[in-house]
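J.: A single structure is presented below for examination.
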Amino acid sequence: MVFEVLVMGASSGGHQALSILLAALPAPFPLPMVLVQHRLGEDSDALATSLASRSPHPVLDVEDKYPITPGQVHLAPAGYHLLLGPDGFQLSTAPPVHYSRPSIDVLFESAAHIHGPGVLAVILTGSSADGAEGAAAIVRNGGTLLVQYPASAESSIMPAAALAAVPTALALSLPDLAVHIASLCPDSSSAARPSPLQKELP
Amino acid sequence: MTPTTQTSALEALEIELLLEGIHRHYGLDFRGYAYPSLRRRILNRVSSEKLDTISALTNRVLHDPECMQRLLFGLTVNVTSMFRDTAFYKVFRSKVVPLLRTYPFIRIWHAGCATGEEVYSLAILLTEDALYDRCRIYATDIDEVVIQQAKTGIFPLGAMRDYTANYIRAGGTGSFSSYYSANYDNAVLRSSLKTNLVFSTHNLVSDARFNDFHVILCRNVMIYFDKALQDRVHALFHESLLRLGFLGLGKRESMRFTPHEDRYEAVDAAEKLFRKVA
Ligand SMILES: C[S@@+](CC[C@H](N)C(=O)[O-])C[C@H]1O[C@@H](n2cnc3c(N)ncnc32)[C@H](O)[C@@H]1O
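These protein sequence lines map, in sequence, to chains A and B. First residue of the first sequence? That's 105 in this note's numbering, and the numbers climb one at a time after it. First residue of the second sequence? That's 628 in this note's numbering, and the numbers climb one at a time after it.
Spelled out as structure tokens, the structure:
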């Protein structure tokens, strides 16, 4: 499988989990990384700055129609949904989904539609059901889902909900997730061959 | 990028036919709207109407104007609030207002104003800066229903707590509660705020320029347009702005990827305030 994009979703506890995961992914990373971390209202660029300071990858809050760039971490800005489309990124101020804007479902569903089997998706810690439907859409369209092992997550609700929606998804602890992602993505340093994670289509 | 499966190729065709039908029958052109959210909103409507396919929605929309209005409501995303992005208002106050003072009469166009919360926010700001008497604000939107609501100047009372906090952070110099009176569940804005407002429908896709402006604000509207349509609307704004006029976009919008970039200088890059220089 040749992946085109790595999408990630996280909620409570996500800041810490993302810092660990991003730091452990090889740089330059061959794919664009797109990230929804649930965040409140109108906050600033603090999250991007903090993640950037702890990872070897450039991190930035996305602006409308920004091109999707390999090696870069694209962060959904506070107060907007982030969608992937043929023109690059699109932002939307449509109502929150699962009380969240940005919402993981919204990002994942748009990614599934446009990149199909080219999507590698990761659901991390969080106390919300956001992301489960989007994860199912990704797998339905031939993409691959990885989940943070619920018992190892600061908050297990979100990874557990994703696993309930996609029981065949592989669940791993953070360090194993990083190793596995690296092995799935071509040109990344680790030599391991992609493991046969292909999901059966319905 | 091409849709990945046959189903999504069919879906793309159905969306195209729906938009074509709406355009030909209702004269509303959504063909240049950004695909990802357009698709999401259409699929939401299909399921809210308890239909199975987009084609079934097309059928209903063409035969039932009320269904068209419901779809329009979803497609256009009317979400807004007073003093959203408080820093924008602060910067407007410190960097734009002093320059506006040099004009005897000021025309402002608020394009895509939705239910008007931003318009009244600006009216409050200009009132406090003793400039409102010299201003006329033209507030427009594609959607007749939201324009009617905006005209009333009545908002849910429950939202006022948040708006008060926003108002303070936006640098308000008075007392926010003096701008409205409570009436059951409603906050009725002071009528003096309405005196220099002109509300009207205007479709940025198809309607022409209608005046020359010192300020144009169009926030969180063009994010729903694709690049080609954005460029067209930017051309409309450029020709509608007086020389050295101001253009304000939404917090996460950019001039960087448009051919109009060089015709403006940034007044405040972070708050997306620009000034026409060419
Ligand atoms: C998300 S609201 C933005 C409201 C406000 N400016 C803000 O930022 O809070 C987008 C508005 O753009 C309007 N709109 C969408 N397409 C339009 C068009 N072609 N012409 C004029 N207004 C349009 C919608 O009806 C909606 O009210």
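C-beta: ideal position from N, C-alpha, C; glycine also.
Which parts of the segment 145 to 176 of chain A are runs of the beta strand (DSSP E), unbroken and 3 residues or longer, counting only runs that do not cross its ends?
T.: As far as the segment 145 to 176 of chain A is concerned, its whole beta strand (DSSP E) runs of at least 3 residues are 163 to 165.
J.: CA-CA distance, Ser-196 of chain A and Gly-739 of chain B?
T.: When rounded, the distance between both Cα atoms is 14 Å.
J.: Below 7 Å CB to CB, which residues in the same chain sit around Tyr-759 of chain B once its five sequence neighbours on both sides are set aside?
T.: Once the five neighbours on either side are set aside, the close Cβ partners of Tyr-759 of chain B are Ala-750, Leu-753 and Asn-823.
J.: What residues match up with Gln-857 of chain B in a beta bridge as DSSP calls it?
T.: DSSP output for Gln-857 of chain B lists no bridge partner at all.
J.: To test your reading of the DSSP string, which unbroken alpha helix (DSSP H) runs of 4 or more residues are found completely within the segment 246 to 297 of chain A?
T.: Within the segment 246 to 297 of chain A, the complete alpha helix (DSSP H) runs of at least 4 residues are 261 to 269 and 278 to 288.
J.: For the segment 853 to 869 of chain B, enumerate the residues whose C-beta is nearer than 7 Å to any C-beta of chain A, in chain order.
T.: Result list: Asp-853 and Lys-854.
J.: Answer yes or no: the CB of Arg-581 of chain B versus the heavy atoms of ligand 1, is any distance below 8 Å?
T.: As displayed, chain B neither begins before 628 nor continues past 905, which places residue 581 of chain B out of reach and without an answer.
J.: Got a sec: does ligand 1 put a non-hydrogen atom nearer than 8 Å to the Cβ of Asp-853 of chain B?
T.: No, Cβ of Asp-853 of chain B sits at least 8 Å from all heavy atoms of ligand 1.
J.: For Asn-847 of chain B, verify whether its CB is less than 8 Å away from any heavy atom of ligand 1.
T.: Indeed, a heavy atom of ligand 1 lies less than 8 Å from the Cβ.
J.: Are there any heavy atoms of ligand 1 lying less than 8 Å away from the beta-carbon of Ser-867 of chain B, as far as the coordinates show?
T.: No, since every heavy atom of ligand 1 falls outside the 8 Å radius drawn around the Cβ of Ser-867 of chain B.
J.: Could you compute how far the alpha carbon of Leu-249 of chain A sits from the alpha carbon of Ala-266 of chain A?
T.: Between Leu-249 of chain A and Ala-266 of chain A, the C-alpha separation is close to 9 Å.
J.: Taking Arg-890 of chain B as the reference, which of B:Val-825, B:Ser-664 and B:Ala-862 has the closest Cα?
T.: It is B:Ala-862 whose Cα lies nearest to the Cα of Arg-890 of chain B.
J.: Measuring CA to CA, which of A:His-119, A:Arg-205, A:Val-177 and A:Val-166 is closest to Met-137 of chain A?
T.: Of A:His-119, A:Arg-205, A:Val-177 and A:Val-166, the residue nearest in Cα terms is A:Val-177.
J.: If distances are taken between C-alpha atoms only, which option among B:Gln-775, B:His-690 and B:His-652 comes closest to Val-825 of chain B?
T.: For the residues B:Gln-775, B:His-690 and B:His-652, the minimum Cα distance to Val-825 of chain B belongs to B:Gln-775.
J.: If you run the structure through DSSP and keep just helix, strand and coil, what is Val-723 of chain B?
T.: Residue state, collapsed to three classes: helix.
J.: What residues in its chain sit with their C-beta under 7 Å from that of Ala-241 of chain A, if we drop five residues either side in the sequence?
T.: The answer, listed in chain order, is Phe-212, Glu-213 and Ala-216.
J.: Quick one: grab the DSSP three-state call for Glu-892 of chain B.
T.: Glu-892 of chain B falls in the strand class under three-state DSSP.
J.: Can you check which of these residues, A:Ile-124, A:Ser-116, A:Leu-135 and A:Ala-131, is closest to Gly-222 of chain A by C-alpha distance?
T.: Ranking the options by Cα distance to Gly-222 of chain A, first place goes to A:Leu-135.
J.: Identify whether Pro-221 of chain A lies in helix, strand or coil by the three-state DSSP scheme.
T.: Helix, per DSSP.
J.: Taking CB distances under 9 Å as the criterion, tell me whether Val-171 of chain A reaches chain B.
T.: Correcting the residue identity first, residue 171 of chain A is Pro in this sequence and not Val. Yes, contact with chain B.
J.: According to DSSP, is Ile-751 of chain B part of a helix, a strand, or is it coil?
T.: It is helical.
J.: Count the other C-beta atoms from every protein chain shown that fall within 10 angstroms of the C-beta of Tyr-806 of chain B, then say buried if there are 16 or more, exposed otherwise.
T.: That one is buried.
J.: If we define contact as Cβ-Cβ less than 9 Å, is Glu-237 of chain A a contact residue for chain B?
T.: Not closer than 9 Å to any Cβ of chain B, the Cβ of Glu-237 of chain A fails to qualify, so no.
J.: Tell me whether Ser-664 of chain B, by its Cβ, gets closer than 8 Å to a heavy atom of ligand 1.
T.: Not under cutoff, so the answer is no.
J.: When you check each C-beta in the segment 184 to 205 of chain A against every C-beta of chain B, which residues fall closer than 7 Å?
T.: The residues in question are Tyr-184, Leu-187, Leu-188, Gly-189, Pro-190, Asp-191, Gln-194, Leu-195, Ser-196, Thr-197, Ala-198 and Pro-199.
J.: Do Leu-187 of chain A and Arg-651 of chain B count as a contact pair if the criterion is CB distance below 9 Å?
T.: No, the Cβ-Cβ distance between Arg-651 of chain B and Leu-187 of chain A is not below 9 Å.
J.: Against chain B, with Cβ distances strictly below 9 Å, would Met-290 of chain A count as a contact?
T.: It should be pointed out that residue 290 of chain A corresponds to Pro in this sequence rather than to Met. Not closer than 9 Å to any Cβ of chain B, the Cβ of Pro-290 of chain A fails to qualify, so no.
J.: Whose Cβ in chain B lies nearer than 7 Å to the Cβ of His-178 of chain A?
T.: Near His-178 of chain A there are no residues of chain B at all, since even the closest Cβ is about 12 Å away, more than 7 Å.
J.: Answer yes or no: do Gln-696 of chain B and Val-773 of chain B have a C-beta to C-beta separation smaller than 9 Å?
T.: Not a contact, by the Cβ cut-off of 9 Å.
J.: Go ahead and label Ser-207 of chain A buried or exposed: buried means 16 or more other beta carbons lie within 10 angstroms of its beta carbon, across all protein chains shown.
T.: It counts as buried.
J.: Could you please tell me which residues of the segment 207 to 234 of chain A, in chain order, have their CB closer than 9 Å to any CB of chain B?
T.: Answer in chain order: Val-210, Glu-213, Ser-214, Ala-216, His-217, Ile-218, His-219, Gly-220, Pro-221 and Gly-222.
J.: If I'm right that Ser-881 of chain B touches Asp-168 of chain A with Cβ under 8 Å, what's the distance once you round it to whole angstroms?
T.: Contact flag correct, Cβ pair sits at about 6 Å.
J.: Using a Cβ-Cβ cut-off of 8 Å (strictly less than) and excluding sequence neighbours within five positions of Lys-722 of chain B, which residues of its own chain qualify?
T.: Val-894, Asp-895 and Leu-900.
J.: Would you check if there are 3 or more beta carbon pairs closer than 8 Å linking the segment 806 to 818 of chain B to the segment 718 to 732 of chain B?
T.: Segments in contact, no.
J.: Would you kindly work out how many angstroms separate the C-alpha atoms of Gly-798 of chain B and Ile-649 of chain B, rounded to a whole number?
T.: Cα-Cα distance, rounded: 44 Å.
J.: Counting contacts by CB-CB distance shorter than 9 Å, is Val-251 of chain A in contact with chain B?
T.: Output row for Val-251 of chain A: interface = no.
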